[in-house]
Amino acid sequence: MALEGFGPAFAFWLLSAITLISAGGVMMARNLLHAVLFLIVTFIGVAGFFILLSAEFIAMAQVVIYVGAVAVLILFAILLTPRSARDNSETVWGAPAALLSIALAAVLIFVIHDTAWSETNSFQAPSVEDLGRALLSTWVLPFQLASVLLTAALIGAIMLVRSPEEEAEDALS
Amino acid sequence: MTPGLDHFLTVGALLFCLGLIVALSKRNAIGVLMGIELMLNAVNVTLLAFHRFTESANPVAGQTFVVFVITVAAAEAAVALALAVSFYRNRETVDVDRINLLRS
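Residue numbers (my numbering), protein chains in the order written: chain A, -10 to 162; chain C, 7 to 110.
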């Protein structure tokens, strides 16, 4: 069942325009800081898509994690590498990458429009409670593994960015 | 025109391809990471579109999968940016063309 009515259709086309234009901005922006700002707009547009697909919790997580954490982390990394180039230019692989991506997009869009998808007519949006119950019952093992992964990534990131002086201090104590 | 499954999949495919261009062609390692984040977002849009529009024996499976993708993306971003900062400290560059210590 498609999304009926004027509102969802209008929201879809507006969000498509915002998301794809700002993703193009990430590609075209000459300054890396401008590229991050375009990336934040893209993340918010994708969160809008999640709301349109009746996944409100995921949309909230998208805004909190991507806009709140990942984008800020990228900004920190750019500001912590001050003397490296701020420009967002392409390597010699720019043209081949563009050709490959256009070919991939053509193939994907052909397949999407050529396949007869069996769309359901009775969609019941699962509540956040359902999602929480599923995470802690059916998928409890992947859930725990994800927490171990996050801990390992956190410790690894802290170890990687320690300065040599801090490591020397730890060795002395 | 009411948006259906194919419209959402098309947006996901286009977003993925834009991310692929960024990830493959940028000179700055942080730019490459931004492309990877775009690709992961496109995959999430595709997963949730299938979750919304197709029949499933387990109706929360799609959203659960997206939760795990977001988790792994956050961990990956933290480690990749720590690598970029650490490499900048040693070599004063994050240019992927000049990260060639292992080249003989």
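Backbone N, C-alpha and C define an ideal beta-carbon position, used for all residues, glycine too.
Nearest to Leu62/A by alpha-carbon distance, out of Asp12/C, Gly37/C, Ala55/C, His13/C, is Gly37/C. Within the same chain, and ignoring the five residues on either side of Phe14/C in sequence, the residues whose Cβ sits closer than 6 Å to its Cβ are Ala55.
Your pair Leu53/C and Leu24/C does not check out as a contact, with CB atoms roughly 18 Å apart and the cut at 8 Å.
It is roughly 19 Å from the alpha-carbon of Gly145/A to the alpha-carbon of Ile76/C. DSSP, read as helix, strand or coil, puts Glu79/A in strand. In the DSSP assignment, Thr60/C forms a beta bridge with Glu108/A. A distance below 8 Å between beta-carbons, with the five flanking residues on each side excluded, links Ala0/A to the following residues of its chain, in chain order: Gly37, Leu41.
At a C-beta separation below 7 Å, His102/A has these neighbours in chain C: Asp12. Only residues of its own chain outside the window of five on either side were considered, and among them Ala60, Ile63, Leu64, Ile67 have a CB closer than 8 Å to the CB of Val25/A, listed in chain order.
Following the DSSP letters along the chain, one finds Val137/A inside the alpha helix (DSSP H) bounded by residues 129 to 149. Against Leu22/A, chain C offers no close residue; the least beta-carbon distance is about 10 Å (beta-carbon pairs closer than 8 Å). Rounded to whole angstroms, the gap between the alpha carbons of Ile98/A and Tyr55/A is 27 Å. For Arg109/C, the closest Cβ of chain A is not nearer than 8 Å.
Burial of Met40/C is indicated by the presence of at least 16 other C-beta atoms within 10 angstroms of its C-beta. With respect to the C-alpha of Leu21/C, the residue from Leu28/A, Ala(-2)/A, Leu(-8)/A having the closest C-alpha is Leu28/A. In this model, Ala12/A and Thr31/A are separated by some 6 Å (Cα to Cα). CA-CA distance, Leu21/A to Thr109/A, rounds to 43 Å. The beta-carbon separation of Ala90/C and Ala35/C, rounded to 5 Å, stays under the 8 Å limit for a contact. Under DSSP, the beta-bridge partners assigned to Asn34/C are Asp101/C. Among the bridge pairs identified by DSSP, Asn20/A is matched with Asp76/A. Going by DSSP, Arg122/A is part of the alpha helix (DSSP H) stretching over 117 to 125. A residue is called buried when at least 16 other Cβ atoms come within 10 angstroms of its Cβ; Gln51/A meets this threshold and is buried. Along the region 72 to 88 of chain C, the positions whose C-beta sits under 8 Å from a C-beta of chain A are Val72, Val73, Phe74, Ile76, Thr77, Val78, Ala79, Ala80, Ala81, Glu82, Ala83, Ala84, Val85, Leu87, Ala88, read in chain order. Only Asn50, Val51, Leu54, Ala55, His57, Arg58, Phe59, Thr60, Glu61 from the region 50 to 61 of chain C bring a Cβ to less than 8 Å from some Cβ of chain A.
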